[in-house]
Amino acid sequence: MLYGLVALLGKRSAGVLLICAALFLGAARMTSALIRPKIETRYGVQISGTIRGEPLLQEDKDRLVCRLTGVRIDDEPLNADIRLYLREGASSLQGVQAGQNVRVRGMLWEPDVAKNPGEFDFAAFLWKNGMAAYATAKVSDAEISSGSSGLSAFLCKARERVASRIDSLFARNSGIVKALILGTREDLSDEISEDFSRAGIAHLLAISGLHVSLIAMLANWILHFFLSRRISFWITLLLVVFYGILSGLRASVLRAILMFAVLGGGALLGRPSDAPTRIASAFLILLVANPLYLTDAGFVLSFSASAGLIFLSPPMERLLCLPEISQKRFFGRCLHRALSMISATMCAQLATLPSLILYFGEIPLLSFATNLLAVPLTMFALFLAVPALFIPFLGVPIAWIVDLLLDGLVRLSGLGANLPFSALRLMQFPALLAAIFVGLIFAVSDLSRISRKTREWMLLGLPLLACIAALLGKASVSGLTISFLEAGNADAAVLCAQGETYLIDAGLEQTPAASFLESRNLQPNAIFLSHPDEDHAGGLLQVLQTAPPQCIYVPVGWYTHMEEDGLVRQAFAQAEEMGIPIVELSQGDRVQLSAKVTATVLYPSRDTQAANSNALSMLLLVEYGEGAALFTGDLSIAQEPESLPDVDVLKIAHHGSNTSTSFRLIEETSPSVAVISCGENSYGHPSEEVIDRLEDFGAQIWRTDRSGAVTVRIFQNGWVHASGFCVGEE
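In full-length UniProt numbering, the protein residues as written are 1 to 730.
Have a look at this one:
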């Protein structure tokens with residue numbers, strides 16, 4: 001099999017076959033790669049290990065962050081690296097370097113996994129980078145050896161020297177130069193990062209194939225004057241590998257290095273490779289080495305852009321008539337180069353559209369224009385900045401030119417970011433359309449057997465498909481979907497009714513509702529707040545800052561029980577400043593959520609005299625066709641109405657407290673699905689009594705503390721489907 005695969009490398013279809021092989025081998029390894037070692041949280045343990053990589057001193061947080069390898073916990077070896085946070089007095093650790101040994105007494109923590117869509121998965125982030133847990137300790141409890149040795153220490157010292165040289169040469173734009181050459185973004189201001197992102201040129205601030213290719217081209221061009229082609233290639237390869245290690249060996253850098261190695265190695269061996277083979281080889285090697293690269297945005301975007309350049313450039317150039325233009329005289333050659341740059345930019349932009357929508361939820365509308373100017377500026381600045389660092393007598397004058405170029409780049413990013421409609425926020429790219437998009441890229445490439453003329457015009461289908469996906473993003477959301485978010489011992493649910501979005505309760509101050517809405521690019525039509533307690537309304541302020549609603553609905557009598565100077569009062573003041581109407585609802589009031597979905601208030605009435613805020617909880621019935629869901633807030637048994645409707649989904653009141661959700665309520669509502677929003681607590685929520693009541697009735701019980709976010713889909717015929725966000729849990 002291996003011999004056959006090698007034999008195929010010389011054929012035109014080898015690239016596609018290698019991509020298929022990469023997917024197969026990657027899938028075979030994915031299962032084992034996903035199995036993260038189970039490390040339980042432990043307190044007061046002795047932790048020892050060696051610092052790997054450059055430590056990060058976060059002065060604003062008074063902590064040092066580093067990676068430990070060769071870890072031992074209470075003198076027992078740990079078969080994984082960990083991340084260590086040293087706090088309280090971190091400023092005294094400025095001289096700490098890679099290769100130093102650390103011994104500390106602290107706490108070992110199992111990292112949190114994401115329990116909601118759109119939430120940062122810290123456990124997955126650490127494991128993708130080779131770390132299985134993290135530890136925290138005080139600086140005063142740490143012993144750090146004075147000496148350091150090894151390759152890691154050498155690289156860190158080299159980075160420090162380069163960074164120091166950058167600081168001395170590039171006064172105004174040292175942060176940008178460090179990002180371009182070293183891949184470090186700590187010195188970049190938030191304003192510059194945001195402007196580059198909104199202008200669609202943030203990729204220029206990350207070490208990528210563009211940077212590696214430029215350095216390889218520069219080194220190879222200089223060396224070929226003095227050395228043979230073979231020796232020049234090996235020295236250049238060593239240089240780019242060293243540069244890759246120096247900059248952190250990101251996925252995009254590894255891709256560029258591997259493609260360069262395949263290109264040069266094949267040529268030296270008399271087996272020149274085509275571009276599809278090079279990208280497929282890099283894809284195969286990286287996925288076999290680490291299948292979790294498939295979850296890395298840099299990996300996906302890098303390969304998407306490269307695939308666009310490889311597969312879309314030939315038909316795009318023919319569509320722009322570049323072969324005919326190139327045969328003309330001086331003006332034709334200049335026009336050819338300009339159009340070639342336009343073609344390359346268009347191809348890379350088109351191929352990355354699904355990935356941009358998937359990871360960032362938006363398309364920078366001006367990115368095509370800004371990249372046409374920004375890429376040459378960046379390449380020229382990088383081309384000058386690298387020799388300026390290593391040629392002392394040319395450093396200052398060259399740095400002056402580089403600063404001028406980067407000043408222009410900053411102004412360009414600011415202009416692109418601040419223009420109206422600079423970015424279009426979209427719903428997630430539908431999976432089927434993404435698959436069609438990828439298939440269409442291969443269909444229009446020269447690998448396809450479709451006629452050349454047809455393929456050239458099929459290129460127009462790519463932006464058209466992206467527009468259709470953007471338009472269908474909201475239109476494709478049909479029916480009624482309720483996402484009960486894992487908000488700890490708090491309540492927050494997002495209701496999507498035929499493309500319209502509503503929030504029912506907002507959770508605590510740091511609410512998952514904000515990240516959920518932002519990740520899905522949802523703008524709530526309104527927020528229903530059951531009562532003024534902070535575990536239901538405390539996250540309102542963050543939602544107002546992230547995705548402000550058009551209206552806020554509260555139960556009648558709300559202001560009687562709202563704290564005078566609490567977080568909820570602050571949020572309401574903010575809402576009033578923003579001009580968002582706040583509407584009180586009472587028994588019998590009905591809100592039309594969409595064409596076929598309604599919300600009816602069953603409690604409280606205008607005559608209700610609530611002794612506390614829980615007794616004020618809004619009882620909200622949401623109906624769609626023959627299906628219905630009942631939201632109960634923290635309503636106690638004493639306040640339950642005498643007559644209750646039959647429902648399919650019941651949100652259990654007060655996190656499953658035994659003072660709520662009577663057997664009568666369960667019997668009258670007869671839910672097929674019961675959802676309990678709860679987290680770690682000292683109150684005993686949910687109570688065994690409530691669980692027993694639900695089990696006796698035969699309801700399907702879902703708990704957010706075990707399943708993460710619970711998504712319930714209600715169909716018009718009353719059929720209900722529920723699922724948990726956390727894999728393998730219920």
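C-beta: ideal position from N, C-alpha, C; glycine also.
Using alpha carbons as the reference points, say which of S174, R63 and S48 lies closest to S91. R63
Check whether the Cβ atoms of C496 and T481 lie closer than 7 Å to each other. yes
Taking only runs of the alpha helix (DSSP H) that begin and end inside the region 637-724, which ones reach a length of at least 4 residues, in chain order? 663-669, 688-697 and 704-707
Secondary structure, beta strand (DSSP E): runs of 3+ residues fully inside the region 491-574: 492-497, 500-506, 526-528 and 551-555
Taking only the alpha-carbon atoms, compute the straight-line gap between P686 and D705 and give it to the nearest angstrom. 10 Å
Shortest alpha-carbon distance to W558 belongs to which of F663, N612 and F631? N612
My assumption, with CB atoms under 8 Å, is that A628 sits in contact with P604. Please give the rounded CB distance. Going by Cβ atoms, the distance from A628 to P604 rounds to 20 Å, so no, they are not a contact pair.
S476 to F170, Cα distance in whole Å? With a pLDDT of 47 at S476, under the threshold of 50, the modelled position of that residue is not reliable, and no figure is offered here.
Name the residue from F299, Q570, F120 and R72 whose alpha carbon lies nearest to the alpha carbon of G539. Q570
Counting along the chain, where does the alpha helix (DSSP H) carrying E317 start and finish? S313 to L319
In whole angstroms, give me the CA-to-CA distance for P671 and A722. 13 Å
Where the alpha helix (DSSP H) through G408 begins and ends: P392 to N418
Coarse secondary structure for N129, derived from DSSP in three states: coil
Hey, how far is the Cα of F260 from the Cα of L237? 8 Å
Give me the residue from G499, G507, E509 and P532 with the minimum Cα distance to P524. G499
Secondary structure of Q100, DSSP reduced to three states: coil
Going by C-alpha to C-alpha distance, which of V673, I391, E680 and D407 sits closest to A699? V673
Assign D565 to buried or exposed, taking buried as 16 or more other Cβ atoms, counted over all protein chains shown, within 10 Å of its Cβ. exposed
Reducing DSSP to helix, strand and coil, say where D81 ends up. strand
Could you give the DSSP three-state label for P354: helix, strand or coil? helix
Best match in F311, L287 and T378 for proximity to R455 [C-alpha to C-alpha]: F311
Check whether chain B comes within 7 Å of L412, counting only Cβ atoms and requiring the distance to be less than that. The question asks about chain B, but that chain is absent: this structure has only one protein chain.
Count Cβ pairs between the region 181-193 and the region 349-359 that sit closer than 8 Å; are there 3 or more? no
For the beta strand (DSSP E) containing G70, name the first residue and the last one. R63 to I73
Which residues bound the alpha helix (DSSP H) around L485? No alpha helix (DSSP H) holds L485; DSSP gives it neither H nor E.
If you follow the alpha helix (DSSP H) that G175 is in, where does it begin and where does it stop? S174 to I181
Should the region 383-391 be called in touch with the region 408-415, which here means at least 3 C-beta pairs below 8 Å? no
Mark S32 as exposed unless 16 or more other C-beta atoms lie within 10 angstroms of its C-beta, in which case mark it buried. Low confidence applies here, because S32 scores a pLDDT of 49, under 50, leaving its location unreliable and the question unanswered by this model.
What does the alpha-carbon distance come out to for the pair S451 and A351? 21 Å
From Q574, S483, L620 and C726, pick the residue whose C-alpha is nearest to that of S530; which is it? L620
Report yes or no: do the region 172-182 and the region 199-209 share at least 3 C-beta pairs separated by less than 8 Å? yes
Terminal residues of the continuous beta strand (DSSP E) containing I51? R42 to Q58
Apart from the five residues just before and just after T546, which ones in its own chain have a Cβ nearer than 7 Å to its Cβ? A514, L517 and E518
Taking T50 as the reference, which of R83, K138, V710 and P532 has the closest Cα? R83
Mind checking I666: buried by the 16 CB within 10 Å criterion, or exposed? buried
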